[in-house]
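Protein chains in written order, with the numbering used here: chain A, 1 to 132; chain B, 1 to 132.
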């Protein structure tokens with residue numbers, strides 16, 4: 001696979017991630033992730049890591065249910081010369097019965113097979129805005 | 001320092017970074033960075049790391065001179081609950097006598113004193129666009 005093909009594949013995976021999150025399709029989101037104990041989510045950055053495939057599955061099934069997230073991609077997806085890519089977005093979600101909006105950048109890393117091995121979400125809940 | 005103060009200080013540092021890069025003020029940019037051997041720049045992600053304060057100084061002095069970079073911040077700076085923050089931007093720069101524009105997200109990490117200890121630039125030169 002050329003560098004350009006790798007970038008295109010990573011970009012397609014991140015667009016699918018945004019669409020499947022918004023569709024509350026936890027199985028579809030999890031299909032983009034690798035297996036194993038090294039997979040992790042840190043959301044937001046600075047919070048305790050959700051470590052390992054089983055914990056990541058619980059994280060996305062809970063998020064898809066309770067938080068009802070909707071992602072709007074707000075700029076170009078940045079692929080790189082390596083395994084990482086950046087996805088800028090605005091996210092709406094429910095917390096304690098109220099709807100909020102936050103500006104987020106997700107940094108994803110990929111394995112050789114093009115599966116996501118980590119997601120780190122750059123945002124702070126204190127900066128989220130109520131939207132209704 | 002409260003979490004909110006820390007976020008505000010990091011955001012101010014990243015706005016200063018963008019302004020000083022655009023002013024080709026290498027000393028001003030380097031004043032935002034920590035000292036020591038752990039400091040690094042990876043630009044773009046996937047390229048060899050520029051490791052240690054001395055190498056980072058050479059990197060920014062060369063960039064300020066040859067590449068004549070101009071940064072436009074293109075969205076909210078994302079601070080987090082931890083040491084990392086994300087700076088979305090469009091960068092114009094000169095390469096081999098020609099002017100290019102690229103979409104970039106810089107991920108910065110900070111030490112306890114609020115100095116930058118790492119900069120990782122998410123972009124790919126193959127996706128830059130000529131602008132003249």
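Don't be surprised by glycine CBs; every beta carbon is placed ideally from N, CA and C.
Going by C-alpha positions, residue 46/A is about 22 Å away from residue 64/A.
The beta carbon of residue 90/A sits no closer than 7 Å to any beta carbon of chain B.
Counting C-beta pairs closer than 8 Å gives fewer than three between the segment 52 to 66 of chain A and the segment 74 to 92 of chain A, which falls short of the contact rule. Chain order gives the chain B residues near residue 75/A as 74, 75, 88, 103, where near means a beta carbon separation below 8 Å.
Non-local C-beta neighbours of residue 20/B in its own chain, meaning closer than 7 Å and more than five positions away in sequence, comprise 28, 29, ordered along the chain.
Against residue 44/B, the close residues of chain A are 80, 81, in the order they occur along the chain (beta-carbon pairs closer than 7 Å). For the options 26/A, 18/A, 92/A, 112/A, the alpha carbon positioned closest to that of residue 62/A is the one of 26/A. At a cut-off of 7 Å between beta-carbon atoms, residue 114/A makes no contact with chain B. Between residue 122/A and residue 104/A the beta-carbon gap is near 6 Å, inside 8 Å, which marks them as a contact. For residue 21/A, the three-state secondary structure derived from DSSP is helix. The DSSP assignment places 53 to 62 as complete runs of the alpha helix (DSSP H) inside the segment 48 to 97 of chain A, in order along the chain (cut-off: 4 residues). If the five residues before and after residue 14/B are omitted, its C-beta is found closer than 7 Å to the C-beta atoms of 77, 85, 87, 108, all from its own chain and listed in chain order.
The beta carbon of residue 82/A sits closer than 7 Å to none of the beta carbons in its chain outside the five residues before and after it. Interface annotation, residue 47/A: in contact with chain B, CB-CB separation under 7 Å. Its Cα nearest to that of residue 12/B, the residue 110/B stands out among 120/B, 110/B, 129/B, 128/B. Rounded to whole angstroms, the gap between the alpha carbons of residue 10/A and residue 114/A is 7 Å. Put simply, of 118/B, 80/B, 91/B the residue whose alpha carbon is nearest the alpha carbon of residue 120/A is 80/B.
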